[in-house]
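As they're listed, the protein sequences go chains A and B. Numbering follows my numbering, with no gaps: position 48 of the first sequence is 48. Position in the second sequence (first residue = 1) + 152 = my numbering. Just so you know, even glycine gets a beta-carbon here, dropped at the ideal spot from N, CA and C. Quantities reported herein were computed from a predicted structural model and do not represent experimental measurements. For reference, the structure is listed below as structure tokens.
Protein chains: 2
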Amino acid sequence: MARLTDVIETFIKEIINETGGEAEIQRNALASRFNCVPSQINYVIGTRFTTEHGYFVESRRGGGGHIKIKQIAVSKPYNRFMHLILSIGDSISEHAAAAHINNFVDYMLITPRDGMIMKAAIGSKALKSSNAENTDYIRADILKNMLMRLIV
Amino acid sequence: MARLTDVIETFIKEIINETGGEAEIQRNALASRFNCVPSQINYVIGTRFTTEHGYFVESRRGGGGHIKIKQIAVSKPYNRFMHLILSIGDSISEHAAAAHINNFVDYMLITPRDGMIMKAAIGSKALKSSNAENTDYIRADILKNMLMRLIV
DNA sequence: ATATAAATAGTCAAAGAAGGTCAAAAAATG
DNA sequence: CATTTTTTGACCTTCTTTGACTATTTATAT
């Protein structure tokens with residue numbers, strides 16, 4: 001018997017294909033359509049539509065709320081970009097992060113100005129209030145989020 | 153399902169654009185136009201036309217009363233950034249930070265692309281590995297560092 | 001002038017409408 | 001049978017809508 005998670009995953013992917021890259025869903029509506037609890041939708045999104053899978057997710061609560069799942073552009077330059085993003089890993093030092101950013105600039109995937117802003121965001125001064133054990137993890141998240149944002 | 157709040161927000165912004173910076177509305181008239189209770193207008197103003205969003209609101213009650221929503225005049229980017237940097241304090245919420253960034257974009261002090269990168273850097277997804285008590289502090293540092301970088 | 005009515009706008013809290021989190025239970029997998 | 005993945009549900013947070021009550025200003029009738 002097909003897993004519900006897979007069914008919902010497929011359903012969302014169909015919407016993404018039909019609309020050319022983006023699905024805007026309502027959690028409760030989708031849950032009742034598939035006869036499951038709402039949090040199952042979160043499970044599907046959390047396991048099948050992650051950054052690693054090439055998706056970017058946004059949401060809003062309250063009346064008229066929704067969840068938007070965007071597929072990252074799959075054109076050639078972005079494949080390479082995505083590859084680099086994935087190579088960053090869960091944790092990264094300031095030095096390594098800056099090297100990556102410089103690299104992106106060199107390959108002209110981002111502008112020098114983008115690079116400046118990004119380096120300011122991941123610098124040790126910016127992260128000084130974090131607990132030392134977390135700093136490199138936070139830095140990796142920030143870096144990936146900034147880069148992802150540019151390709152969705 | 154479109155939120156009424158967004159519809160009203162857009163309506164007011166159109167007036168502001170048409171008149172070059174100021175909308176003078178009547179609360180009850182607007183409410184009946186959009187078929188809602190008058191206090192909804194206050195809600196829209198209170199959530200979408202705050203100082204942080206770059207607006208200044210005045211009103212009068214009684215016969216011929218009205219609400220005036222003015223767009224705050226812009227000063228030099230350097231001054232705006234510096235002012236914000238100084239006024240941010242040690243800690244800031246994602247909501248407030250994003251409002252400031254959007255404001256800079258609206259006033260063309262930074263590009264939409266810059267804004268996207270910055271919002272990605274201060275978003276809760278980017279800071280999820282931080283300890284909850286620190287998040288707003290880290291966010292403030294990141295924002296200040298990015299802005300500083302642009303004026304130095 | 002003064003009191004009263006009418007016309008506005010403001011405040012605040014409750015109800016409603018989403019979505020999020022986390023951990024336990026159940027099912028599938030190897 | 002141990003481990004991983006999926007399903008479920010209780011509880012939480014955020015945002016919007018609504019309405020009862022309050023405050024202020026102007027108009028009108030003594």
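Residue 175/B - partner residues in DSSP beta bridges: 221/B
Interface partners of residue 149/A on chain B, CB under 7 Å: 268, 269, 272
The region 183-191 of chain B / the region 221-239 of chain B touching (three or more Cβ pairs under 8 Å): no
Assumed close pair residue 269/B, residue 148/A - CB separation to whole angstroms, cut-off 8 Å: Actually they do not touch by this definition, with Cβ atoms about 10 Å apart.
Per-residue contacts from residue 153/A into chain B (C-beta, under 7 Å): No statement about residue 153/A is possible, as the shown extent of chain A runs from 1 to 152 and does not include it.
Residue environment, residue 153/A, which counts as buried when at least 16 other CB atoms sit within 10 Å: Because residue 153/A is not part of the residues shown, which for chain A are 1 to 152, the question remains open.
Cα-Cα separation, residue 47/A to residue 39/A: 12 Å
The region 276-293 of chain B in contact with the region 240-255 of chain B per 3-pair CB rule at 8 Å: yes
CB contact below 8 Å: residue 126/A versus chain B: yes
The ligand MG heavy atom lying under 7 Å from the CB of residue 99/A: The ligand content of the structure shown is nil, which means the ligand MG is not present either.
One or two residues paired with residue 291/B in a DSSP bridge: Residue 291/B is not bridged to any residue.
Chain A within 8 Å of residue 138/B, Cβ atoms only: It is not possible to answer for residue 138/B, since the shown part of chain B is limited to 153 through 304.
Alpha helix (DSSP H) segment containing residue 56/A, residue limits: Taken as a continuous stretch (DSSP letters only), residue 56/A belongs to no alpha helix (DSSP H), being part of the beta strand (DSSP E) at 55-60.
Any 3 or more C-beta pairs closer than 8 Å across the region 165-182 of chain B and the region 219-234 of chain B: yes
DSSP-derived helix/strand/coil call for residue 262/B: coil
Burial state of residue 227/B, where buried means 16 or more other Cβ atoms lie within 10 Å: exposed
Interface partners of residue 298/B on chain A, CB under 9 Å: 116, 117, 118, 120, 121, 126
Interface partners of residue 294/B on chain A, CB under 7 Å: 121, 126
Beta-carbon proximity check, residue 37/A vs residue 9/A, cutoff 8 Å: no
C-beta neighbour in chain B for residue 175/A, strict 8 Å: Here chain A covers residues 1 to 152 and nothing more, so residue 175/A does not appear.
Straight-line Cα distance separating residue 263/B from residue 230/B: 15 Å
Under the three-state DSSP convention, the category residue 257/B falls into: helix
Interface residues of chain B facing residue 134/A [CB-CB closer than 9 Å]: 281, 282, 283, 286
Chain B within 8 Å of residue 46/A, Cβ atoms only: no
Same chain, Cβ closer than 8 Å to residue 206/B, five either side skipped, listed in chain order: 223, 224, 255, 258, 259
Residue environment, residue 145/A, which counts as buried when at least 16 other CB atoms sit within 10 Å: buried
Own chain partners of residue 276/B with C-beta closer than 7 Å, once the 5 adjacent residues on each side are dropped: 246
Proximity winner among 158/B, 279/B, 295/B, relative to residue 62/A (alpha-carbon distances): 158/B
Test: residue 155/B CB closer than 8 Å to a CB of chain A: yes
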